[in-house]
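In what follows, a single structure is set out as structure tokens and then discussed.
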Amino acid sequence: MMKMEKQDKRYNRKNDLLQFVKFNLVGIVNTLVDFAVFTVLTFFGVYYMLSQVISYSCGVVNSFIMNKYWTFGAKSTPHGDEILKFIAVNVVSLGVSLTVLYPLKPQLGVFSAKIIATLFSMMVNFLGSKLWVFKKA
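Residues in the sequence shown are numbered consecutively from 1, following the UniProt record's numbering.
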């Protein structure tokens, strides 16, 4: 019995690590989309805080699909509760990114502040997705 529990824990750690790696690979794609949209919008004079909201939102749909089916291995069709949870986690992550971006921008410049804000929001997003949104997957 004890040996089985150790194997389960090892499997869970490996599975958690694999999910974290996949989540970050999806995140790279989302971040590239986010930064591209942000860059284009700010280049054309859109206020940087509005640009952040729009650019962040552009990665959300891709994030949901790739993380649901690839990262967390869900087989089910998306349902309302799951979508609402995903949106809630992303709204919180967006709030975290805005909270970090706003005070750092004057000191570091918009793009350095954006990188730091992205790191903070990434951690919130992973934990919320794994422990709440896609928990059953």
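Where is the CB? At the ideal position from N, CA and C, for every residue including glycine.
query = Roughly how many angstroms separate the alpha carbons of Thr71 and Ser63, rounded to a whole number?
reply = If you draw a straight line from the Cα of Thr71 to the Cα of Ser63, it comes to about 10 Å.
inquiry  = Checking 8 Å against the spacing of the C-beta atoms, do Phe35 and Phe126 come in under that value?
reply    = Against a cut-off of 8 Å, the Cβ pair of Phe126 and Phe35 comes out as no contact.
Contiguous beta strand (DSSP E) assignments of at least 3 residues, all confined to the region 17-41 = Within the region 17-41, no beta strand (DSSP E) run of at least 3 residues lies entirely inside it.
task = My understanding is that Val89 touches Gly128, with C-beta atoms under 8 Å, so please give their C-beta distance in whole angstroms.
result = Their Cβ separation, rounded to whole angstroms, is 3 Å, which keeps Val89 and Gly128 in contact under 8 Å.
request  = Under 7 Å Cβ to Cβ from Trp132, same chain only, skipping five residues before and after it: list those, please.
outcome  = Correct list, in chain order: Lys85, Val89.
task = Answer yes if the region 28-46 comes into contact with the region 94-109, meaning at least three C-beta pairs across the two stretches below 8 Å, and no otherwise.
result = As far as the Cβ criterion goes, the region 94-109 does not touch the region 28-46, which means the pair count is below three.
query = Would a C-beta distance cut-off of 8 Å place Leu108 and Tyr56 closer than the cut-off?
reply = Not a contact, by the Cβ cut-off of 8 Å.
request  = Alpha carbon to alpha carbon, how far is Lys75 from Tyr47? Give it in angstroms, no decimals.
outcome  = Each residue's Cα considered, the two are about 40 Å apart.
query = Is it true that the CB of Asn67 sits closer than 8 Å to the CB of Phe134?
reply = Cβ distance < 8 Å, so Phe134 and Asn67 count as in contact.
query = Around the Cβ of Lys114, are there at least 16 other Cβ atoms within 10 angstroms (buried) or fewer (exposed)?
reply = That one is buried.
inquiry  = Going by C-alpha to C-alpha distance, which of Val26, Asp81, Ile87 sits closest to Tyr69?
reply    = Closest by alpha carbon: Val26.
ask   = Nearest to Asn30 by CA position, among Leu18, Thr118, Lys136, is which residue?
value = For Asn30, the nearest C-alpha among the options comes from Thr118.
request  = With a threshold of 16 other CB atoms inside 10 Å of the CB of Lys130, please say whether the residue is buried or exposed.
outcome  = Classification of Lys130: buried, given that the 10 Å Cβ count is 16 or more.
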